[in-house]
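Student:
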Amino acid sequence: MGCGIAGQAAAGFLADAGHVVTLLERFEQPQAVGAGLLLQPTGLSVLRALGLEQEAVAAGARIDGIVGENQWGVRVIDLAYGDLHPAAFALGIGRSPLFDLLHSRALGAGARLVAGVEIVDVEREGARAVALDRKARRHGPFDLLVVADGANSALRPRVFPRGRAPIYPWGCLWTTVPDTHAFGAIGLLRQRFAGTSSMMGVLPVASDRLTMFWSLPTPALEVDRALDLEAVRHEALALWPDAVPIIERAFDAGDFARATYRHVSLPRWNDGPVLFIGDAAHGTSPQLGQGANLGLLDAHALARSLAEAGDVPQAMERFAARRGPSNRFYGTASHLLTPFFQSHHDLLAIPRDLLLHRACLTPPVRRLLAGTLAGLRRGWWAADTLDADGRFPL
Ligand SMILES: Cc1cc2nc3c(=O)[nH]c(=O)nc-3n(C[C@H](O)[C@H](O)[C@H](O)COP(=O)(O)OP(=O)(O)OC[C@H]3O[C@@H](n4cnc5c(N)ncnc54)[C@H](O)[C@@H]3O)c2cc1C
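Here you go:
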């Protein structure tokens, strides 16, 4: 359930494997929601397995690394995918092209879409699960209900009342603008920060488009709260003079969306035939740029686990073994890192800038950090490596 990144990727894989797949989505017209994002080598491998990599690469912008500077222009973060393998790269991409690719792929594989149904509860019917929508209609029973309804999941508290999903104290404003000054041509996700309370990011998401992010405390992002865009424009211009054309264009258009994030932690991924994947299971702050990638990996791992196992309970065990360590690592690491980039504790910027600056100048540590960014970690002490072609081996 959920026509997001994780749900549609899972629908594509499962329909390919011959399962009868029904996609339940709350919107009448399923649509892309959210900011442009960075697909890591992990997520790109999943797209390749779906046969979508080439189209995604054509629609997005190749990203070779990330660079972060403080307000004085000192380079604090400098990581390159090329340190892992000369052919490795990530991809900045808009939500709409990614949504379109996954949507046609899922439906093309035979998944049936039931749109305009907001699922609010689940019931068990023997070993199977029935989804109940807001109008008390019943959907199912299903051998497996895959819950991929995002970070604000309505089903999570019903199924896991003791699961936790606190909202982060900081979120962001974002907008996508034409790249009139070839800012994205160098193929980098660029960030600029002053202390921990001002941060701006610019991600190329197509050959001629950029997504710009601006960090703000969550209370300032409440829907009914008026935004003081002039004050933000002023601060942004002072923080990042080199980005003036982007900032001016973004604020002239004023077309900003607000985003908040949750730190989701569940005791386990499934309760019988109800499995949580994507942000519904392990939503996190976007500090490490992993959320969508983890959701894509979940989708792939689910299909493989079902193919290998004799029944659903066995498949759930295999899924948990495959995805648990990496999902938990990235959830915790993003959570620990977030206050160093988005918080009122400006003093945290001092150790951040000193340590990251040094780390990025030390080749083995720089490689370790690049591997973490690329999505390769399977926990604090274990990591995958890219294959001979510089790709993530699924
Ligand atoms: C500002 C920002 C920047 C980000 N940048 C990155 C990045 O660079 N790289 C990265 O990997 N990740 C990034 N992320 C995280 C990424 O957006 C999420 O991890 C990803 O979208 C999660 O996908 P999902 O399919 O789990 O959930 P979603 O994309 O949220 O999809 C959920 C779907 O379920 C549907 N739904 C919700 N409730 C119901 C219901 N009750 N009944 C039926 N349907 C329902 C929704 O309409 C939607 O279609 C970023 C997030 C933010 C906020």
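Counting from 31, one number per residue, gives the positions in the sequence shown under the numbering used here. All C-beta atoms in this analysis are idealised placements derived from N, C-alpha and C, irrespective of residue type, glycine included.
Could you give the residue range of the beta strand (DSSP E) that holds residue 223?
Tutor: From DSSP, the beta strand (DSSP E) with residue 223 extends over 218-224.
Student: By the 10 Å Cβ neighbour count, where 16 or more other Cβ atoms means buried, how is residue 156 classified, buried or exposed?
Tutor: Flag for residue 156 reads exposed.
Student: Going by DSSP, what residue range makes up the alpha helix (DSSP H) through residue 423?
Tutor: Premise fails: residue 423 is in no alpha helix (DSSP H) and is neither H nor E.
Student: Thinking C-beta only, is residue 195 closer than 9 Å to residue 136?
Tutor: Contact: no.
Student: Suppose contacts are defined by Cβ-Cβ distances below 9 Å. Is residue 77 in contact with residue 316 by that definition?
Tutor: No. Outside cutoff.
Student: Take residue 387 and list the residues in its own chain whose beta-carbon comes closer than 6 Å to its own, dropping the five residues that flank it on each side.
Tutor: Result list for residue 387: 106, in chain order.
Student: Since residue 234 is in the beta strand (DSSP E), which residue starts that stretch and which ends it?
Tutor: 228-236 is the span of the beta strand (DSSP E), which, as asked, contains residue 234.
Student: Cα separation between residue 273 and residue 302?
Tutor: Cα to Cα, the separation comes out at about 51 Å.
Student: Looking at the strands, I want to know which residues DSSP matches up with residue 122.
Tutor: Partner(s): 68 and 91.
Student: Can you tell me where the beta strand (DSSP E) holding residue 371 begins and where it ends?
Tutor: No beta strand (DSSP E) contains residue 371, which DSSP labels as neither H nor E.
Student: Restricting to Cα atoms, I'd like to know which of 327, 331 and 140 is closest to residue 404.
Tutor: Comparing Cα-Cα distances from residue 404 to each of 327, 331 and 140, the minimum goes to 327.
Student: Compute the Euclidean distance between the alpha carbons of residue 100 and residue 261, then round it to the nearest angstrom.
Tutor: Spanning the two alpha carbons is a distance of roughly 20 Å.
Student: By Cβ distance, which residues of its chain are closer than 6 Å to residue 183, with the 5 residues on each side in sequence left out?
Tutor: Taken in chain order, the residues that qualify are 310.
Student: Starting from the C-beta of residue 292, find all residues in its chain whose C-beta is less than 6 Å away, skip the five residues before and the five after it, and write them out in chain order.
Tutor: 181, 195, 197 and 313, listed in sequence order.
Student: Give a single yes or no on whether residue 56 has its beta carbon closer than 8 Å to a heavy atom of ligand 1.
Tutor: Checking every heavy atom of ligand 1 against the Cβ of residue 56, one is found closer than 8 Å.
Student: Spatial neighbours of residue 172 within its chain, please: CB distance less than 8 Å, with the 5 preceding and 5 following residues excluded, ordered by chain position.
Tutor: The residues are 52, 158, 159, 160, 161 and 303.
Student: Is the beta carbon of residue 203 less than 9 Å from the beta carbon of residue 267?
Tutor: Taking 9 Å as the Cβ cut-off, residue 203 and residue 267 do not qualify as a contacting pair.
Student: Go ahead and label residue 125 buried or exposed: buried means 16 or more other beta carbons lie within 10 angstroms of its beta carbon, across all protein chains shown.
Tutor: Residue 125 is buried by the Cβ-count criterion.
Student: In whole angstroms, what is the alpha-carbon distance linking residue 269 and residue 308?
Tutor: Each residue's Cα considered, the two are about 34 Å apart.
Student: Mind pulling the beta strand (DSSP E) runs of 3 or more residues that sit fully within the stretch 116-162?
Tutor: Qualifying beta strand (DSSP E) stretches, in chain order: 120-123, 142-145 and 149-155.
Student: So who's on the other strand from residue 55, going by DSSP bridges?
Tutor: The partner list for residue 55 (beta bridge, DSSP) reads 145.
Student: Indicate whether residue 209 and residue 240 have their beta-carbon atoms separated by less than 9 Å.
Tutor: Yes. Within cutoff.
Student: Within the same chain, show all residues whose beta-carbon is closer than 7 Å to that of residue 421, passing over the 5 residues directly before and after it, in chain order.
Tutor: Only 71 and 75 meet the Cβ criterion.
Student: When we look at the beta-carbon of residue 73 and count the other beta-carbons within 10 Å, is it buried (16 or more) or exposed?
Tutor: Buried, since its Cβ has 16 or more Cβ neighbours within 10 Å.
Student: So, for residue 220: in the same chain, excluding its five sequence neighbours on each side, which residues have a beta-carbon less than 6 Å away from its beta-carbon?
Tutor: If we look at residue 220 and ignore the five residues flanking it on each side, its Cβ neighbours are 97 and 232.
Student: Am I right that residue 93 and residue 122 are in contact with their C-beta atoms under 8 Å? What's the rounded C-beta distance?
Tutor: Residue 93 to residue 122, Cβ: 5 Å. Contact.
Student: Let me make sure I understand the geometry here. Which of 229, 418 and 401 has the alpha-carbon closest to that of residue 411?
Tutor: Comparing Cα positions, the closest option is 401.
Student: Considering only their Cβ atoms, is the gap separating residue 179 from residue 37 smaller than 9 Å?
Tutor: A contact, by the Cβ cut-off of 9 Å.
Student: Anyone know if the C-beta pair for residue 114 and residue 406 falls short of 9 Å?
Tutor: Yes, they are a contact pair.
Student: What alpha helix (DSSP H) runs, 4 residues minimum, are completely inside the stretch 358-411?
Tutor: Qualifying alpha helix (DSSP H) stretches, in chain order: 379-390 and 393-403.
Student: Taking 6 Å as the limit between beta carbons, can you name the residues of its chain near residue 108, skipping five residues before and five after?
Tutor: Within the same chain, residue 108 has close Cβ partners 97 and 390.
Student: Could you check if residue 234 is buried or exposed, using at least 16 other CB atoms within 10 Å of its CB as the buried criterion?
Tutor: So residue 234 counts as buried.
Student: At a cut-off of 8 Å, would you count residue 291 as near ligand 1, judging by its Cβ distance to the nearest heavy atom?
Tutor: Residue 291 Cβ: within cutoff of ligand 1.
Student: Can you name, in chain order, every residue of its own chain whose Cβ lies under 8 Å from the Cβ of residue 325, other than the five neighbours on each side?
Tutor: Closer than 8 Å at Cβ, skipping near neighbours: 34, 35, 36, 39, 178, 307, 308 and 309.
Student: Is the beta carbon of residue 300 within less than 8 Å of some heavy atom of ligand 1?
Tutor: Incorrect: residue 300 has no Cβ contact closer than 8 Å to ligand 1.
Student: According to DSSP, simplified to helix, strand and coil, what is residue 74?
Tutor: Helix.
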